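**Student:**
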Amino acid sequence: MTNLHLFLPELYLIAIIIILFLQSISKKNFSLKWLPYACFLGIFISIYSLQFKGILFFNTYKIDALSQFFKFLTYLGLSICVLNAFKNPALTSSVKKADYFLFMAFSSLGILFLSSAIEIFTIYIALELTSYSLYILVPLKNREPKAVESAIKYMLYGAVATALGLYGASYILVQKHTTFLTTLATQSWTWDSSALAIVGFGLFLLSFLYKLSLFPFHFWSPDLYEGTSNETATFAATMPKIGAIIILIRLISFMPSIELKTTLAIFAAFSMTYGNLVALVQKDIKRLLGYSTISHAGYMILGLVAGTPKGLSAVAFYALAYILMNLAIFWVITNLSQQGENITIDNLKGLYKREPFLAFVLAAAAFGLAGIPPTIGFIGKFLLLSSAWGYGFNWLVIIGAINTAIAIFYYLNLVRFAYTKETNNPSLDISFNCRLVALALSISIVLIGIIPQNILHFLINSVNQLIP
């Protein structure tokens, strides 16, 4: 294949997977200290690949600027998740660690495939690779019955969602006689001529709304976050969202004429309101973040229902914001939890004295998630809200603005406990590298919020290439 270099990010991760597989089946205890460095190298490979463009595998796999941007997000998230997972107390041997990271890498590979897939069954296979690998990761914390319970719920709900998605794909194939998105985009999508295909499109969309934790497909999210280990929750809270967002952007951009936007807007309104109201009364921070995720899924729909280059680029930008902010706050949770236990709001008391670096990262992430300037979260929410205004969804923008105000209370409550409450708990013992990663995440959240122009310009140009 002459265009094999276009597949470079995927080939690199496949090489990592092969090494991890060999280590997992080996009887010798090989060190895994090389893995974080290898993952961080993947970030630079994905940045280098931003210039690539082309079509692979019989027109089922598209390499463009947007796909490569999401591959960059995948490697960024994987690198932080791998560093975070080295602290997992459930991983007692190098063999078990190799198994754990192997499935984490497999799930990430599925996300890379999702980033470029432009054929429905290729998308479906990539989604399954992402999902089944994560099903294995979730119950690793087998000392906790909640981990097994959350894994079963996640698997059952996921099986239903993917089954409905497959049904939807079959309906599209029956009526349209093709599964290529580029071909589907050129065909008529009216209820008179394509009723079955539109129903199928809605069902196929459902699989990714489930991954996004959009109401009413959200039931798994709080239980999964609370029940699994802190390290696995970090991965589950961030990485699957990357794959869901890129596919939703492609589907909406390829088929803007489909009249499903009102339904999505109603789901978004319920998602923002329900997620924020329930998060107000949560004490377990991971469960709080589980409900917070539901509300953020609603915000992202704002850009999707607009369907414009500005709206879709705002969704892509918010994906970057969401990943950085959640990686940062889960980094705090993992380092604050010395024995792998779940952290409550009370555990944040006196954090500014116990570990100032973690307190600062918590504040930066919480301010970003609340949408307070000058963070990346503020820019992201502003872009999403402004993109939907004037396109028939002004009512949804108003609901989004009200929910942003509601969310400020429980996010800033985390900062209040960290900086104004006192405790007798001893200081935390964290490494220099941990502080370095924490500082890098917090600086990224603030710096991109101050100077987002270059990223926004890149994303708008990338999305413009998608619109037929």
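1 is the number of the first residue of the sequence shown in full-length UniProt numbering; add one for each residue after it. Just so it is clear, CB atoms sit at the ideal spot from N, CA and C, and this is done for glycine as well. For clarity, every value in this text was computed on a predicted model and none was experimentally measured.
1) DSSP state of Thr344, grouped into three classes?
2) Taking 8 angstroms as the threshold (C-beta atoms), are Ser133 and Phe180 in contact?
3) With a Cβ-Cβ cutoff of 8 angstroms, do Ala105 and Leu203 count as a contact?
4) Which residues in the same chain have their Cβ closer than 8 angstroms to the Cβ of Phe270, if we skip the five residues on either side of it in sequence?
5) May I ask you to list the residues that DSSP assigns as paired with Phe180?
6) Check whether the segment 260 to 277 touches the segment 367 to 377, taking contact to mean three or more Cβ pairs, one atom from each stretch, closer than 8 angstroms.
7) Please work out which residues of its chain come closer than 7 angstroms, Cβ to Cβ, to Lys87, disregarding the five sequence neighbours upstream and downstream, and give them in chain order.
8) Can you tell me whether DSSP reads Tyr61 as helix, strand or coil?
9) Quick one: grab the DSSP three-state call for Leu56.
10) Tell me the DSSP bridge mates of Asp284?
11) Who are the Cβ neighbours of Val199 in its own chain at under 8 angstroms, not counting the five residues just before and after it?
12) What number of angstroms, rounded off, separates the C-alpha of Arg435 from the C-alpha of Thr190?
13) How would you call Thr186, buried or exposed, if buried means at least 16 neighbouring beta carbons within 10 angstroms?
14) So what's His218 in DSSP terms, helix, strand or just coil?
15) How would you label Ala15, buried or exposed, when you count the other beta carbons within 10 angstroms and need 16 or more for buried?
16) Please determine, among Val315, Thr344, Asp429, Ser193, the residue with the shortest C-alpha to C-alpha distance to Lys353.
17) Quick test of the definition: if touching needs 3 or more C-beta pairs under 8 angstroms, does the segment 293 to 308 touch the segment 330 to 346?
18) If Ser212 and Ala161 are in contact, beta carbons under 8 angstroms, what's the gap, nearest whole angstrom?
19) Specify the secondary structure class of Ala328 as computed by DSSP and reduced to three states.
20) Could you spell out where the alpha helix (DSSP H) holding residue 478 opens and where it closes?
21) Please determine if the segment 311 to 329 and the segment 65 to 76 are in contact, where contact requires at least 3 C-beta pairs separated by less than 8 angstroms.
22) Quick check on DSSP: helix, strand or coil for Phe86?
23) At the level of alpha carbons, what is the spacing between Leu348 and Leu78?
24) Counting C-beta neighbours from all protein chains within 10 Å, is the total for Leu227 16 or more, i.e. buried, or is it exposed?
25) Can we say the segment 439 to 458 touches the segment 370 to 384, given the rule of at least three CB pairs closer than 8 angstroms?
26) For Asn425, which of Leu351, Phe458, Leu439, Leu447 has the nearest alpha-carbon?
27) Does the distance from the CB of Tyr154 to the CB of Leu224 come in under 8 angstroms?
28) Please report the straight-line C-alpha distance between Met325 and Ala438, rounded to a whole angstrom.
29) When the distance is taken between beta carbons, is Ala147 closer than 8 angstroms to Ser462?
30) DSSP three-state label for Pro139, please.
31) Near Gln465, which residues of its chain fall below 8 angstroms by C-beta distance, leaving aside the five closest residues on each side in sequence?
32) Taking C-alpha atoms, which residue in Leu384, Thr182, Leu205 lies nearest to Tyr61?
33) Can you give the beta carbon distance from Gly165 to Ser207, rounded, assuming they're within the 8 angstroms contact cut?
34) Using a Cβ-Cβ cut-off of 8 angstroms (strictly less than) and excluding sequence neighbours within five positions of Leu384, which residues of its own chain qualify?
35) Excluding five sequence neighbours on each side, which residues of the same chain lie with their C-beta closer than 8 angstroms to the C-beta of Ile17?
36) Under a three-way DSSP split, which group does Asn403 fall into?
**Tutor:** The answer reads as follows:
1) Numbered from its first residue, the sequence shown carries residue 344 at position 344. Of the three classes helix, strand and coil, the one that applies to Thr344 here is strand, per DSSP.
2) If you number the sequence shown from 1, residue 180 lands on position 180. If you number the sequence shown from 1, residue 133 lands on position 133. No, Cβ-Cβ distance for Phe180 and Ser133 is not below 8 angstroms.
3) The residue given as residue 105 occupies position 105 in the sequence shown. The residue given as residue 203 occupies position 203 in the sequence shown. Not closer than 8 angstroms, so no.
4) As a position in the sequence shown, residue 270 is number 270, starting the count at 1. Contacts found: Phe215, Pro216, Gly298.
5) In the sequence shown, counting from the first residue as 1, residue 180 sits at position 180. Looking at the DSSP assignment, Phe180 forms a beta bridge with Glu119.
6) Touching, no.
7) Sequence index remark: in the sequence shown, residue 87 carries index 87 (1-based). For Lys87, where only same-chain residues beyond five positions count, the Cβ hits under 7 angstroms are Glu231, Thr334.
8) On the sequence shown, residue 61 is found 61 positions in, with the first residue counted as 1. Tyr61: strand per DSSP, three-state reduction.
9) Residue 56 sits at position 56 when you count from the first residue of the sequence shown. In the structure shown, Leu56 sits in a strand (DSSP, three-state: E or B).
10) Stepping through the sequence shown from its first residue, residue 284 is reached at position 284. Paired residue(s): Thr344.
11) If you number the sequence shown from 1, residue 199 lands on position 199. So the list reads Gly168, Tyr171, once near-sequence residues are dropped.
12) Here residue 435 is taken as the residue at index 435 of the sequence shown, counted from 1. Here residue 190 is taken as the residue at index 190 of the sequence shown, counted from 1. Taking the straight line from one Cα to the other gives about 55 angstroms.
13) Your numbering for residue 186 matches position 186 in the sequence shown. Thr186 is exposed by the Cβ-count criterion.
14) By one-based count along the sequence shown, residue 218 stands at place 218. It is coil, neither helix nor strand.
15) For the purposes of this step, residue 15 is taken as the residue at position 15 of the sequence shown. With fewer than 16 other Cβ atoms within 10 Å, it is exposed.
16) Counting from one through the sequence shown, the residue named residue 353 turns up at place 353. Of the listed residues, the one whose Cα sits closest to Lys353 is Asp429.
17) The segment 293 to 308 is not in contact with the segment 330 to 346.
18) To locate residue 212, count along the sequence shown from 1; it is residue 212. To locate residue 161, count along the sequence shown from 1; it is residue 161. Inspection of the sequence shows that residue 212 is occupied by Leu rather than by Ser. So it is not a contact: roughly 11 angstroms between Cβ atoms.
19) For the purposes of this step, residue 328 is identified with residue 328 of the sequence shown, where counting begins at 1. In this structure, Ala328 counts as helix in the three-state DSSP scheme.
20) What is shown of the chain runs 1 to 468, which leaves residue 478 out entirely.
21) yes
22) Taking the first residue of the sequence shown as position 1, residue 86 is located at position 86. Secondary structure at Phe86: coil, using DSSP grouped into helix, strand and coil.
23) For this step, residue 348 is matched to residue 348 along the sequence shown. For this step, residue 78 is matched to residue 78 along the sequence shown. Between Leu348 and Leu78, the C-alpha separation is close to 26 angstroms.
24) Numbered from 1 along the sequence shown, position 227 holds the residue referred to as residue 227. The question names Leu, but residue 227 is Gly in the sequence shown. So Gly227 ends up on the buried side.
25) yes
26) If you number the sequence shown from 1, residue 425 lands on position 425. Taking only the C-alpha atoms, the option nearest Asn425 is Leu351.
27) Here the question's residue 154 lines up with position 154 in the sequence shown. Here the question's residue 224 lines up with position 224 in the sequence shown. Yes, the Cβ-Cβ distance between Tyr154 and Leu224 is below 8 angstroms.
28) What you label residue 325 is simply residue 325 of the sequence shown in a count that begins at 1. What you label residue 438 is simply residue 438 of the sequence shown in a count that begins at 1. Each residue's alpha carbon lies about 11 angstroms from the other.
29) In the sequence shown, the residue the question calls residue 462 occupies position 462. In the sequence shown, the residue the question calls residue 147 occupies position 147. Taking 8 angstroms as the Cβ cut-off, Ser462 and Ala147 do not qualify as a contacting pair.
30) Position 139 of the sequence shown holds residue 139. Note: Pro139 maps to helix in three-state DSSP.
31) Taking the sequence shown and counting its residues from 1, the one referred to as residue 465 is at position 465. Contacts found: Asp64, Ala65, Leu66.
32) Within the sequence shown, the letter at position 61 stands for residue 61. Tyr61 has its Cα closest to that of Thr182, out of Leu384, Thr182, Leu205.
33) As a first step, residue 165 is located in the sequence shown; it is residue number 165 there, counting from the start. As a first step, residue 207 is located in the sequence shown; it is residue number 207 there, counting from the start. About 3 angstroms separates the two Cβ atoms, so the contact holds.
34) Here residue 384 corresponds to residue number 384 of the sequence shown, with the count starting at 1. Cβ within range, chain order: Tyr299, Met300, Leu302, Gly303, Gly311, Ala314, Val315, Tyr318, Gly400.
35) Here residue 17 is taken as the residue at index 17 of the sequence shown, counted from 1. Result list for Ile17: Leu102, Ala105, Phe106, Leu109, in chain order.
36) Residue mapping note: residue 403 aligns to position 403 of the sequence shown, counting from 1. Three-state result, Asn403: helix.
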